[in-house]
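Here the structure is laid out as structure tokens; the discussion comes afterwards.
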Amino acid sequence: MSAIHVPGNMRYSWLGLLRHVGPVAIERAYGDDPEHLAAEARSRNWLGSPGVTEPEIVQHEQRLGVRLPPSYKEFLQVTNGWDEDGIACGRLLPLAEIGWLRDLDPHLAGMWSSPDEELLSVPDEDYFVYGEGQDTVHLRAEYLPDTLQIGEYDDGTYLLNPHIKTPDGEWEAWYLAPWLPGAERCRSFWDLMNSQLREYTEAP
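Residue numbering for the sequence shown follows this note's numbering, beginning at 1078 and increasing consecutively.
If you want it as structure tokens, here you go:
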């Protein structure tokens, strides 16, 4: 594995988190084939790729018409995409492939709403619950077309929601899957990935 360049003054510990996951994922994916496991471990305990530069991020922010949230930008500077083969918690797209759900998957963007039915928005007291107390059914479907699709896992998708932002610019992050009655939602991309990766590494 070549050296990983990480910009200084990073707020989020992406490098440590992702370095922890890589060997676990490779062991689980190839553990039944010791020769293959040894080769994979030697060549790529790191499941990422070279990170992007700040000018590249700005270029794609201009393409999308938004400023991306801080934790996601720092992730991209560490690795431009993650887990291409989907052996851990799914593939996170390289920057050039992310886009608005309404453009990348119009069917999914519209499947929670109907022109013949009025959407009933979830009240704040039910919606703004994060962590163990959250009921995934409390999804505001009206936000779905405007979410940014950034990855996929199993038969679900990772999304960033620009309608809900923290004071420091983080966007709400979703994992939306057909087997969930709604979506797992976190306050930020950093929180969502910590949740997903912790669940993955701690699973038996």
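No residue lacks a Cβ here, since even glycine has one placed at the ideal position from N, Cα and C. Everything numeric in this text was worked out from a predicted model, so none of it was measured.
Bridge-paired residues (DSSP) for residue i
i       : result
Asn1238 : Glu1249
Gly1125 : Trp1159
Arg1088 : Arg1088 pairs with nothing; no bridge assigned.
Leu1169 : Trp1159 and Gly1228
Range of the contiguous beta strand (DSSP E) that encloses residue i
i       : result
Ile1227 : Leu1225 to Tyr1230
Ala1260 : Ala1260 to Cys1263
Cut-off 8 Å between Cβ atoms - residues of its own chain near residue i, not counting five sequence neighbours on either side
i       : result
Ala1280 : none
Asn1122 : Met1078, Arg1096, Gly1099, Pro1100 and Ile1103
Gln1211 : Glu1261 and Arg1262
Ile1134 : Leu1145, Lys1150, Leu1153, Gln1154 and Leu1172
Gln1226 : Leu1170, Ile1175, Gly1176, Trp1177, Leu1178, Leu1181, Asp1182, Thr1234, Tyr1235 and Leu1236
Val1206 : Asp1212 and His1215
Close-in-space but distant-in-sequence residues of the same chain around residue i (CB under 7 Å, 5 per side omitted)
i       : result
Trp1256 : none
Ser1090 : none
Leu1253 : Gly1233, Thr1234, Leu1236 and Ala1260
Ser1148 : Tyr1089, Glu1247, Ser1265, Phe1266 and Trp1267
Leu1274 : Leu1094, Val1098 and Cys1166
Arg1119 : At Arg1119, the pLDDT of 44 sits below 50, so the modelled position is not reliable; the number obtained from the coordinates is stated separately. Answer for Arg1119: no residue qualifies.
Glu1161 : Arg1168
Asn1157 : Ser1126, Pro1127, Gly1128, Val1129, Pro1171 and Leu1172
Pro1258 : Thr1213 and Val1214
Expected contact under 8 Å - CB spacing of residue i and residue j to nearest Å
i       : j       : result
Pro1244 : Val1143 : The Cβ separation is near 17 Å, so there is no contact.
Leu1141 : Ala1186 : That pair is no contact at about 15 Å.
Arg1168 : Gly1128 : Not a contact, Cβ separation roughly 17 Å.
His1137 : Leu1181 : The Cβ separation is near 14 Å, so there is no contact.
Extent of the continuous alpha helix (DSSP H) run through residue i
i       : result
Trp1267 : Phe1266 to Glu1279
Glu1133 : Glu1131 to Leu1141
Tyr1107 : Trp1091 to Tyr1107
Tyr1149 : Pro1147 to Val1155
Close Cβ partners of residue i (< 6 Å) along its chain, the five nearest in sequence each way excluded
i       : result
Leu1092 : Val1083 and Val1155
His1215 : Val1199, Asp1203 and Tyr1204
Distance cut-off 7 Å: residue i Cβ against heavy atoms of the ligand GDP
i       : result
Phe1266 : Of ligands this structure carries none, so the ligand GDP is not represented either.
For this session: Scan the region 1177-1218 and note each continuous alpha helix (DSSP H) run of 4 residues or more that stays entirely inside, going in chain order.
Result: 1178-1181, 1183-1187 and 1201-1204
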